[in-house]
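Oh and the sequence shown: position 168 is 168 in our numbering, straight run, nothing missing.
Glycine is no exception: its CB is placed at the ideal position from the N, C-alpha and C atoms.
Please read these numbers as outputs of a predicted model, since none were measured by experiment.
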Amino acid sequence: MSMAEFIPKVPSRLILLRHAKSDYPLGVPDHDRPLNDRGRRDAEAAGHWIAEHRDELFSGAVSAVVSSALRAQQTWERIAERLTDVPSVTEPRLYEAACSTLMSVADASGADTVLIVAHNPTIQETAAFLAAPGGLGLLDRVRVKYPTCGLAVLDLSADDPWASDSADLAAFEIPRA
1 MSMAEFIPKV PSRLILLRHA KSDYPLGVPD HDRPLNDRGR RDAEAAGHWI AEHRDELFSG
61 AVSAVVSSAL RAQQTWERIA ERLTDVPSVT EPRLYEAACS TLMSVADASG ADTVLIVAHN
121 PTIQETAAFL AAPGGLGLLD RVRVKYPTCG LAVLDLSADD PWASDSADLA AFEIPRA
């Protein structure tokens with residue numbers, strides 16, 4: 001065996017998707033809140049947008065890692081209808097996770113492109129932490145508001161993928177129905 005076989009794969013691209021708009025039914029614990037009508041439509045729009053741009057978004061092995069919260073699971077289910085070849089895992093640690101936990105989960109995925117479906121403020125804080133200041137004003141948009149179904153596409157640094165201000169924020173999209 002070569003040494004390369006022992007070196008863990010580090011993602012080169014991280015896609016951070018905030019779950020779609022959820023409902024607030026009385027008496028339902030936060031973890032179990034479902035998507036509302038708009039959320040279902042927007043999640044489908046996100047799936048359409050990602051599928052339409054998959055050649056630009058995905059490179060190498062792709063994996064989705066999804067929070068165990070119902071609204072994140074339902075968001076991914078609608079997206080996965082258009083991405084049937086993308087494997088996914090449910091990760092309970094993404095619910096109420098710190099940025100460091102999200103980055104650790106992504107790092108352990110073993111994929112080249114990792115799509116995380118999770119929650120604010122962690123999604124927004126992680127994108128703002130990793131993204132290097134640059135043109136197009138994308139980082140300013142991320143910092144001001146990261147709405148439901150918003151997704152940031154980050155090209156991670158090969159030298160130190162989890163360092164502050166080290167990633168290229170390639171896109172910030174808000175697919176809507």
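Cutting at 8 angstroms between CB atoms, please list the residues of its own chain near residue i, excluding the five before and the five after it.
i   : result
I95 : Here residue 95 is Tyr; the residue named in the question, Ile, does not match the sequence. Within the same chain, Y95 has close Cβ partners H31, S67, S68, A69, A72, A118 and H119.
Y24 : R33
Ignore the nearest five residues each way along the sequence and tell me which others in residue i's own chain have a CB closer than 7 angstroms to its CB.
i    : result
T126 : L16, C99, L102 and M103
D159 : none
S2   : The predicted model places S2 with a pLDDT of 46, which falls under 50 and marks its position as unreliable; any figure quoted below should be read in that light. Once the five neighbours on either side are set aside, S2 has no close Cβ partner at all.
R93  : T101 and V105
S157 : A163, S166 and A167
Under a Cβ-count criterion, where at least 16 other Cβ atoms within 10 Å of its own Cβ denotes burial, should residue i be classed as buried or exposed?
i    : result
K145 : exposed
E184 : For the chain, the structure presents residues 1 to 177; residue 184 sits outside this window and is missing.
G47  : buried
T113 : buried
Closest by CA to residue i, which one among the options?
i    : options                 : result
G188 : A108, A43 and P29       : Given that the chain is displayed from residue 1 to residue 177, the structure contains no residue 188 and the question cannot be resolved.
R41  : I116, T148 and S166     : T148
H19  : I79, P133, S63 and S109 : I79
T75  : N36, P133 and S109      : N36
T84  : R38, Q124, A177 and V62 : V62
A97  : V89, P87, V86 and T122  : T122
With distances taken between CB atoms, is the gap from residue i to residue j smaller than 9 angstroms?
i    : j    : result
D107 : V10  : yes
R13  : I50  : no
R143 : A163 : no
V65  : S22  : no
D155 : P133 : no
Excluding the five sequence neighbours on either side, which residues of its own chain have a C-beta within less than 6 angstroms of the C-beta of residue i, listed in chain order?
i    : result
V153 : I15, A170 and A171
G60  : D112
L115 : I15 and A64
I174 : P147 and G150
Runs of alpha helix (DSSP H) lying entirely within the stretch 123-177, each at least 4 residues, in chain order: Counting only runs of 4 or more, we get 138-144.
Note down, one range per segment and in chain order, each alpha helix (DSSP H) of at least 4 residues found wholly within the stretch 59-95. At a cut-off of 4 residues, the continuous stretches assigned as alpha helix (DSSP H) that sit fully inside the stretch 59-95 are 70-80.
Please give the ranges of any alpha helix (DSSP H) in the stretch 99-124, keeping only runs that are unbroken, at least 4 residues long and fully inside the region. List check, alpha helix (DSSP H) in window: 99-107.
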